[in-house]
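Only one structure is covered here, and it is reproduced in the block below.
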Amino acid sequence: GENVEQHPSTLSVQEGDSAVIKCTYSDSASNYFPWYKQELGKGPQLIIDIRSNVGEKKDQRIAVTLNKTAKHFSLHITETQPEDSAVYFCAATLPAGNEKLTFGTGTRLTIIP
Amino acid sequence: SAVISQKPSRDICQRGTSLTIQCQVDSQVTMMFWYRQQPGQSLTLIATANQGSEATYESGFVIDKFPISRPNLTFSTLTVSNMSPEDSSIYLCSVDPSGVTDTQYFGPGTRLTVL
Numbered sequence: 002g003e004n005v006e007q008h009p010s011t012l013s014v015q016e017g018d019s020a021v022i023k024c025t026y027s028d029s030a031s032n033y034f035p036w037y038k039q040e041l042g043k044g045p046q047l048i049i050d051i052r053s054n055v056g057e058k059k060d061q062r063i064a065v066t067l068n069k070t071a072k073h074f075s076l077h078i079t080e081t082q083p084e085d086s087a088v089y090f091c092a093a094t095l096p097a098g099n100e101k102l103t104f105g106t107g108t109r110l111t112i113i114p
Numbered sequence: 011s012a013v014i015s016q017k018p019s020r021d022i023c024q025r026g027t028s029l030t031i032q033c034q035v036d037s038q039v040t041m042m043f044w045y046r047q048q049p050g051q052s053l054t055l056i057a058t059a060n061q062g063s064e065a066t067y068e069s070g071f072v073i074d075k076f077p078i079s080r081p082n083l084t085f086s087t088l089t090v091s092n093m094s095p096e097d098s099s100i101y102l103c104s105v106d107p108s109g110v111t112d113t114q115y116f117g118p119g120t121r122l123t124v125l
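As given, the protein sequences belong to chains A and B, one line each in that order.
Under this note's numbering, the very last position in the first sequence is 114; numbers go up by exactly one each time.
Under this note's numbering, the very last position in the second sequence is 125; numbers go up by exactly one each time.
Here you go:
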């Protein structure tokens, strides 16, 4: 089955700086890669996603890049703000029709004011 | 997207008892899922809740321990049976409103502590 690795496990950045979180996946057939943000005491919130036919996607301060050859994808947050502090999870899924998401281990992002 | 609610939001239970968690969606959805998130850990899929048929369980999860019901396209329940402290986790339901895009939205979760 699919295996997703996520790095780093913790990340602290100064407010206004950029943050980058990286994930690698094992199955080259995976074709959908969402990113979720989980704040304390809440369920995961979908913030951005990318499909295997696209190399990059951007939504305001958030962007995701995908390198299918290397089997890795990254989340980029620019101009970080205190409200960006949360745990971020990447995930991947195979095109098998069962929508099984395999999640990374999570990155705790702390924005230092 | 979809608006998802879960009940209860949290509970503290005694070992050996069972708890049923409800998941309600504001629109009809084909795909509903149940996940477990152990303390400080990532999310693991328990099962896919199928409307009108038995749930599809992932490896390591069995129906006797986690019975699931899906009586209609907006509602599902997960029961955690014969609980032990190792069952202390956040239990989350998710839905794919479209049924074809793989895009899943999560509920707020149920925080379960077993003493």
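Backbone N, C-alpha and C fix where the C-beta goes; we use that ideal spot for every residue, glycine too.
Cβ atoms of residue j and residue i: under 9 Å apart, would you say?
{"i": "A/Thr70", "j": "A/Val88", "result": "no"}
{"i": "A/Thr81", "j": "A/Glu3", "result": "no"}
{"i": "B/Asp112", "j": "A/Tyr26", "result": "no"}
{"i": "B/Val72", "j": "B/Asp97", "result": "no"}
{"i": "B/Thr120", "j": "B/Tyr101", "result": "yes"}
{"i": "B/Val39", "j": "B/Val105", "result": "yes"}
Pull up the distance between the alpha-carbon of residue i and that of residue j, whole angstroms please.
{"i": "A/Leu110", "j": "A/Leu41", "result": "12 Å"}
{"i": "B/Phe116", "j": "A/Val14", "result": "27 Å"}
{"i": "B/Arg80", "j": "B/Ala65", "result": "8 Å"}
{"i": "B/Trp128", "j": "A/Gln61", "result": "The requested residue 128 of chain B does not occur in the structure, where chain B is confined to residues 11 to 125."}
{"i": "B/Leu29", "j": "B/Cys103", "result": "15 Å"}
{"i": "B/Ala59", "j": "A/Gln39", "result": "23 Å"}
{"i": "A/Val5", "j": "A/Lys72", "result": "10 Å"}
{"i": "A/Asp50", "j": "B/Gln47", "result": "21 Å"}
Take residue i as the anchor and find which of the options has the nearest alpha-carbon.
{"i": "B/Gln16", "options": "B/Ile22, B/Ser28, B/Cys23 and B/Cys33", "result": "B/Cys33"}
{"i": "A/Trp36", "options": "B/Ile100, B/Arg46 and B/Ser52", "result": "B/Ser52"}
{"i": "A/Thr79", "options": "A/Ile22, A/Val5 and A/Gln7", "result": "A/Ile22"}
{"i": "A/Cys91", "options": "A/Thr66, A/Ile113, A/Pro114 and A/Ile112", "result": "A/Thr66"}
Tell me residue i's beta-bridge partners as DSSP assigns them.
{"i": "A/Ala93", "result": "A/Thr103"}
{"i": "A/Ala20", "result": "A/Ile78"}
{"i": "A/Val5", "result": "A/Tyr26"}
{"i": "B/Ser35", "result": "Note that residue 35 of chain B corresponds to Val in the displayed sequence, not to Ser. Answer is B/Ile14."}
Mark residue i as exposed unless 16 or more other C-beta atoms lie within 10 angstroms of its C-beta, in which case mark it buried.
{"i": "A/Ala30", "result": "exposed"}
{"i": "B/Thr27", "result": "exposed"}
{"i": "B/Pro107", "result": "buried"}
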